[in-house]
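Notes to accompany the following structure.
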Amino acid sequence: MGYIPAFNDADGNLFGLFSLQWYDDLLHAFSGVWALAAAFISHRQAVFYFKLFGSVYLFDGVLGLITGSGCLDAGIFINGFRSLNDIEFPARFFANLPHIVIGGFAVYVGFWLAKRVHDHFATA
């Protein structure tokens, strides 16, 4: 979506909230390829993907919400902790919402839903 001009502001920020770099795109592509590979390999690999990916994504979203910098793009190491005045809370919230929602859903699937599905098919 970052390549569609209608979604970018004058500074090139997606929805006026954040900019996406080539390494962000690479990370997103890698996570998608990993998910696809895990789905084709086995149920166990898919569950592992949801557990690890979900935990890391959720952590990145919560860290970004609290500090204004994420860990997946090395922002916490480059920019450090930003003050609440540096980035307004609504912008922080909406910038990190995709990682919180997607990561939270993946954690739910990996740690809870997968166990219920496995138990259901194991007893059938």
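Positions in the sequence shown are counted from 1; adding 135 to them yields this note's numbering. All C-beta atoms, glycine included, are put in the ideal place defined by N, C-alpha and C. Only a predicted model underlies this, so the values are computations on that prediction, with no experimental measurement involved.
First and last residue of the uninterrupted alpha helix (DSSP H) at residue i
i: leucine 193; result: 178-202
i: valine 244; result: Where valine 244 is concerned, there is no enclosing alpha helix (DSSP H), given that its DSSP letter is neither H nor E.
i: phenylalanine 216; result: No alpha helix (DSSP H) contains phenylalanine 216, which DSSP labels as neither H nor E.
Simplified DSSP state of residue i, which is helix, strand or coil
i: asparagine 143; result: strand
i: leucine 155; result: coil
i: tyrosine 162; result: At residue 162 the sequence reads leucine, which differs from the tyrosine that was named. If DSSP states are grouped into helix, strand and coil, leucine 162 belongs with the helices.
i: leucine 232; result: helix
CB contact check: residue i to chain B, cutoff 7 Å
i: alanine 249; result: Absent from the structure: chain B. Only one protein chain is present.
Cβ-Cβ distance between residue i and residue j below 7 Å
i: histidine 234; j: tyrosine 192; result: yes
i: alanine 249; j: valine 182; result: yes
Neighbour-count burial assignment, residue i, 16 or more Cβ in a 10 Å radius
i: valine 242; result: buried
Quiz item: Does the stretch 204-218 come close enough to the stretch 170-186 to have 3 or more Cβ pairs within less than 8 Å?
Solution: no
Quiz item: Would you say the stretch 226-235 touches the stretch 180-188, given that touching needs at least three Cβ pairs under 8 Å?
Solution: no
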